[in-house]
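Student: Under this note's numbering, think of the first position of the sequence shown as 6, with each following residue one higher. Can you read through this structure? Questions will come right after.
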Amino acid sequence: MSALTFIIAIIALLLSILAYRRAGGARELKKTVDSLSSTMESLKDRAGEELKERVEHLTSVTDSLKEKTADAIDRLEKAVRGRPEEKAPEEKTPEGEPPKPKRPQAKKE
6 MSALTFIIAI
16 IALLLSILAY
26 RRAGGARELK
36 KTVDSLSSTM
46 ESLKDRAGEE
56 LKERVEHLTS
66 VTDSLKEKTA
76 DAIDRLEKAV
86 RGRPEEKAPE
96 EKTPEGEPPK
106 PKRPQAKKE
């Protein structure tokens, strides 16, 4: 019985080898692998270009936001400190003493 099973297994192996060769064999497999490799390379290139474009866009947006933030901080500083012509004259201190820091005063309305 085991001899018959062995003979059937060998026949099945030969049939599978013939089917593999008829389907193209190693050459067809190599062509498929090469085709997939070239497709992957083109996808990598395309993805790399898209990534570069996104980085450039984000850089320009970041620069724009930096400028807007700087302008907002500048306006806030001017609003808090007031205009230069609104400042009171500074008091003179005797020589040798460092000037005392002044606290901002609330504006009277």
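For glycine and all other residues, C-beta sits at the position ideal for the given N, C-alpha and C.
So what does DSSP say about residue 45, is it helix, strand or coil?
Tutor: Reduced to three states, the DSSP call for residue 45 is helix.
Student: Tell me whether residue 30 sits in a helix, a strand or coil according to DSSP, three-state version.
Tutor: If DSSP states are grouped into helix, strand and coil, residue 30 belongs with the helices.
Student: Grouping DSSP H, G and I as helix and E and B as strand, with all else coil, what is residue 87?
Tutor: DSSP places residue 87 in coil when its eight states are reduced to three.
Student: Alpha carbon to alpha carbon, what distance is there between residue 9 and residue 36?
Tutor: Answer to the nearest angstrom: the Cα atoms are 39 angstroms apart.
Student: What is the rounded straight-line gap between the Cα of residue 18 and the Cα of residue 49?
Tutor: Cα to Cα, residue 18 sits roughly 40 angstroms from residue 49.
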